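>
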Amino acid sequence: MDLKTLYRSVIMDHYKNPKNKGLINDDNYLTVHLNNPTCGDDLIVQLLIKDNKIIDLRQQGKGCSICCASASVASELLKNKEISEASRITQTFYDMLTGQEIKDKSVLEDAVAFEGVGQFPARIKCATLAWKAYEKGLNPLEGEHNNE
Amino acid sequence: MIDVKKIRKQFPVYQKYPNIRFFDSAASAFKHQSVISAMTDYLSFNGTNVHRGVYHLAAEATESYENSRSVVANFINCKPTEVIFTKSTTHGINLAANSLAKLLKKDDEIVISELEHHSNLLPWLEMADKLDIVVRFIPLEDGMITIPNFKKVLTNKTKLVITHHMSNVLGYITPLMDMSKLAHDVGAIVVVDAAQSILHVKTDVKVLDVDILAFSGHKIYGPNGIGILYMKEALINKLSPTEFGGEMVDKVHLDGSTWKSGPYKFEAGTPAIAEAIGLARALEFMNEVGVDNIHQHELFLRNYCIDKLKDEPGLTIFNKHGQSSIISFNINDVHPHDTASFLDQHGVAVRAGHHCNQLTMKYLEQDSTVRASFAVYNSLEDCDILIKAILETRDFFHNL
Chain A
442 MDLKTLYRSV IMDHYKNPKN KGLINDDNYL TVHLNNPTCG DDLIVQLLIK
492 DNKIIDLRQQ GKGCSICCAS ASVASELLKN KEISEASRIT QTFYDMLTGQ
542 EIKDKSVLED AVAFEGVGQF PARIKCATLA WKAYEKGLNP LEGEHNNE
Chain B
731 MIDVKKIRKQ FPVYQKYPNI RFFDSAASAF KHQSVISAMT DYLSFNGTNV
781 HRGVYHLAAE ATESYENSRS VVANFINCKP TEVIFTKSTT HGINLAANSL
831 AKLLKKDDEI VISELEHHSN LLPWLEMADK LDIVVRFIPL EDGMITIPNF
881 KKVLTNKTKL VITHHMSNVL GYITPLMDMS KLAHDVGAIV VVDAAQSILH
931 VKTDVKVLDV DILAFSGHKI YGPNGIGILY MKEALINKLS PTEFGGEMVD
981 KVHLDGSTWK SGPYKFEAGT PAIAEAIGLA RALEFMNEVG VDNIHQHELF
1031 LRNYCIDKLK DEPGLTIFNK HGQSSIISFN INDVHPHDTA SFLDQHGVAV
1081 RAGHHCNQLT MKYLEQDSTV RASFAVYNSL EDCDILIKAI LETRDFFHNL
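Residue numbers (my numbering), protein chains in the order written: chain A, 442 to 589; chain B, 731 to 1130.
#1: Evaluate B:I974 with the Cβ neighbour count: other Cβ atoms within 10 Å of its Cβ, from every protein chain shown; 16 or more gives buried, anything less gives exposed.
#2: The alpha helix (DSSP H) with B:A944 in it runs from where to where?
#3: If the criterion is Cβ atoms closer than 7 Å, does the pair B:G900 and B:S1058 meet it?
#4: Under a CB-based cut-off of 7 Å, is A:N587 close to chain B?
#5: Skipping 5 residues on each side, what residues in its chain have a beta carbon closer than 8 Å to that of A:I524?
#6: Does A:S511 have its Cβ less than 7 Å from a Cβ in chain B?
#7: Comparing alpha-carbon positions, which option in B:K832, B:N886, B:K962, B:A1105 lies nearest B:D915?
#8: Nearest CA to the CA of A:S511: which residue from A:R499, A:A568, A:N461?
#9: Can you tell me which of A:K546, A:K445, A:T446, A:Y575 puts its alpha carbon nearest to the alpha carbon of A:A515?
#10: Do the stretch 915-930 of chain B and the stretch 837-854 of chain B touch if we need at least three Cβ pairs shorter than 8 Å?
#11: Comparing C-alpha positions only, which one of B:V1080, B:L1039, B:H848 sits nearest to B:A759?
#12: On the CB-based measure, 16 or more other CB atoms within 10 Å of its CB, does B:L1110 come out buried or exposed?
#13: Use the C-beta contact count for B:F775: other C-beta atoms within 10 angstroms, 16 or more gives buried, fewer gives exposed.
#14: Short of 7 Å Cβ to Cβ, which residues in the stretch 1079-1100 of chain B face chain A?
#15: For the stretch 957-1016 of chain B, which segments carrying the beta strand (DSSP E) assignment without a break, of at least 3 residues, lie completely within its bounds, in sequence order?
#16: Report the start-end ranges of each alpha helix (DSSP H) in the stretch 1037-1125 of chain B that is 4 residues or longer and not cut off at the edges.
#17: Within the same chain, show all residues whose beta-carbon is closer than 7 Å to that of B:A1012, passing over the 5 residues directly before and after it, in chain order.
#18: Taking 7 Å as the CB-CB cut-off, is A:L519 touching chain B?
#19: Give the straight-line distance between the Cα atoms of A:V553 and B:L845, rounded to the nearest whole angstrom.
#20: If the cut-off is 7 Å on Cβ atoms, which residues from the stretch 1103-1128 of chain B count as contacting chain A, listed in chain order?
#21: Check for me: the beta strand (DSSP E) holding B:V841 runs from which residue to which?
#22: Around the Cβ of A:I465, are there at least 16 other Cβ atoms within 10 angstroms (buried) or fewer (exposed)?
#23: Taking the beta carbon of B:N1087 as the centre, do at least 16 other beta carbons fall within 10 Å, making it buried, or is it exposed?
#24: Once you ignore the five residues that flank B:K860 on each side, which residues in its own chain have a CB closer than 8 Å to its CB?
#25: Which of the three DSSP states, helix, strand or coil, is assigned to B:V784?
#26: When the Cα atoms are used, what is the spatial distance from A:G557 to A:K546?
#27: Give, in chain order, every unbroken run of the alpha helix (DSSP H) that is at least 4 residues long and sits entirely within the stretch 736-811 of chain B.
#28: With distances taken between CB atoms, is the gap from B:P993 to B:V813 smaller than 7 Å?
#29: Within the present structure, is the beta-carbon of B:V802 separated from the nearest heavy atom of the ligand GTP by less than 6 Å?
#30: Which of the residues in the stretch 1064-1078 of chain B, read from start to end, lie with their CB under 7 Å from any CB of chain A?
#31: Is the CB of B:L1029 under 7 Å away from at least one CB in chain A?
#32: Let me see if you follow: with CB-CB separation under 7 Å, is B:A944 close to chain A or not?
#33: Any C-beta of chain B sitting closer than 7 Å to the C-beta of A:G557?
#34: Within 8 Å, do at least three Cβ pairs link the stretch 777-797 of chain B to the stretch 998-1015 of chain B?
#35: What does B:L912 touch in chain A if you count any residue whose Cβ is under 7 Å from its own?
#36: Between the beta-carbon of B:I823 and the beta-carbon of B:N797, is there less than 7 Å?
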C-alpha cells in the first residue's frame, strides 16, 4: 500500500477529527498512561467498565498521526463491547499488523485501514500504543506494557 | 573539493543501496571499507587477546591494538598513554563521572547546559544527586552557549565544567577554548562530549586545553562498540579506576591490590580489539581526506539545503545559522515521525525524534524534530532529493 493512500484514508480523518477525545474527571473511570520514550508518543486513556462491558472510553495524548488516529479508531470500536470481545478485537488488530492470518477481518471495521502500517515496521508501535493502553485497562493485573 | 563518486566507492553500503539518500550520519555513519577490511583481517587471521600471551600472534594483536592507540593520540594531539579505550562515548563519560565523583563533596558546583545529549547529562545529574552537588545550567542564547552567559554560572565553587563541543540537535559549536581558560582560572576540570564534533572540527586537546574528552567510533565511519576517553596525564594518574577485573591490575593481595598505571587501569577485561583497530583505520581515512575538507563539504551541502528551504512557507528550521553539518526542522503541524516515513518513501533517511536530548526539545518547545545530517559521502543530488521530498511531504499534509 502506498503511504499516501494509507494516510488519506481513515488516518488523517481521525487525526484531524478525533473521537472520544478529552479526559473525564470521574473516579469510576480507570485511567492508563502509556508512552513510547523513543519517539515521544504519549497517551492517556480512560475506560468505564460495568458488568464486564466497556460503557465508555476516553483518550487524550500527543503523538504522530498514526498513534493519535489509532487511539480514536480504537475508542469507537471498543465502546459498548464485552471485555472478552474487546480483547479478541485487540488481538485481531495486532495479528493484522504483524501479518498473521486472520479469519474474520470485519470485526475490525474502520481499524482495517491500519493494515498498511504493517508494511512500515518502524511505525507498528505507533499504531498499537493506544490498543496496548486500552488492553492494560481491561486487564490491569496482567503486567506492564509500558515503554515498548 | 571532495569527489563524492570516488568516496562512495570506499563505502560498500552503496554497492547494495546505490540510491539511498542517507542523512542520519550524526546518529551512526556508514562504515569505510578500510575499517571493515582491517577488522576482518584481525578477526580472520589473528583473534587472540592483547597484553597477555607471549607467542607471536598475541604480540601481533597487542601491537595492532597499541598502534591504534597511537593513531588516536596523533589525531587529537596527545600522548598514547592519555588515551583510554572504552565501549562508547556514553561509557567514557560514565567512567569519567564515576572516577571524578571521588574528588567532589557536598555543596561543590558543576556547570552544564541543557544542550547536552543524555549521555553527557544523566551521568552528571546522577552523580550530583548522590553527592548533593549543585548543578548550574548555562543560560542559552538562541540555543547557543556564549561566554558572557557561561561566566554567569561559573563560580569559585565550580569543580567541573561539562559541555558538548557540537550540539547533536542544533549543530552549534561551543566556544571551548575560552571556556577552558575561564574554567581553569577557578580550578575546575573541563569534560567534553566530542561525539559530534570529532569529525567536523579539528580537535586538538592541547589547543582546546580540555582535561577530559570522549567520542566513539560509530559516528566517524568506524565500528560501534568502541569509544575513546582522553584524559590529561595528571588526571589519569590522580583518578582511580571504577571497573575492576582482568588486565587492569598490578599486584593482587588478600588485603588490597594495586592498579596498572596510565590508561590501562581503566581498561578492565578483554577490550574490543577488532573495533579499536577499526576505529584507528577510520581516523586514518579522515586524515587522508582531511577533517577541514570534510567539514567544508558538509557545510557546503548544508548551506545549499538551507538556501532552498529557508524561505519556504510551512517549515520551521531551528538552526538556520548553524556552522556545521546538521539541519533540525519540522514541517508545521506534521509529526516528525510522519515526515520521516514520507521521506523514507523517497529513499531519504533522516532522524526523527528527540535525538536523546529531551532538554533541548523543551528549550525549542517541541516534542521532537526532524534532523538531517550531512557526511563525506553525501552529494548535491542527495540534497536535491531531500529538498524535493520535504516540499512534497509538506504539500501532501498541508493540502489534506
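The beta-carbon is built from N, C-alpha and C at its ideal position, and this holds for glycine as well.
Please read these numbers as outputs of a predicted model, since none were measured by experiment.
By the coordinates alone:
#1: The sequence shown places Phe at residue 974 of chain B, not Ile. Its Cβ having fewer than 16 others within 10 Å, B:F974 is exposed.
#2: B:A944 -> not in any alpha helix (DSSP H); beta strand (DSSP E) instead, spanning 942-946.
#3: Before going on, a small fix: residue 900 of chain B reads as Leu here, not Gly. Against a cut-off of 7 Å, the Cβ pair of B:S1058 and B:L900 comes out as a contact.
#4: The predicted position of A:N587 is uncertain, since its pLDDT is 41 and thus under 50; a value taken from the coordinates is nonetheless stated next. No, A:N587 does not count as interfacial toward chain B.
#5: I490, N493, K494, I495, L579
#6: no
#7: B:N886
#8: A:A568
#9: A:Y575
#10: yes
#11: B:V1080
#12: exposed
#13: exposed
#14: G1083, H1084, D1097, S1098
#15: 957-961, 979-981
#16: 1066-1075, 1088-1094
#17: H762, V765, G947, I950, Y951, G952
#18: no
#19: 42 Å
#20: F1126
#21: 839-842
#22: exposed
#23: buried
#24: A831
#25: coil
#26: 14 Å
#27: 743-746, 763-775, 786-806
#28: yes
#29: For the ligand GTP, the structure offers nothing, since it holds no ligand at all.
#30: H1065, H1067, D1068, S1071, F1072, Q1075
#31: no
#32: no
#33: no
#34: yes
#35: Result: empty, since nearest Cβ-Cβ is about 36 Å, beyond 7 Å.
#36: no
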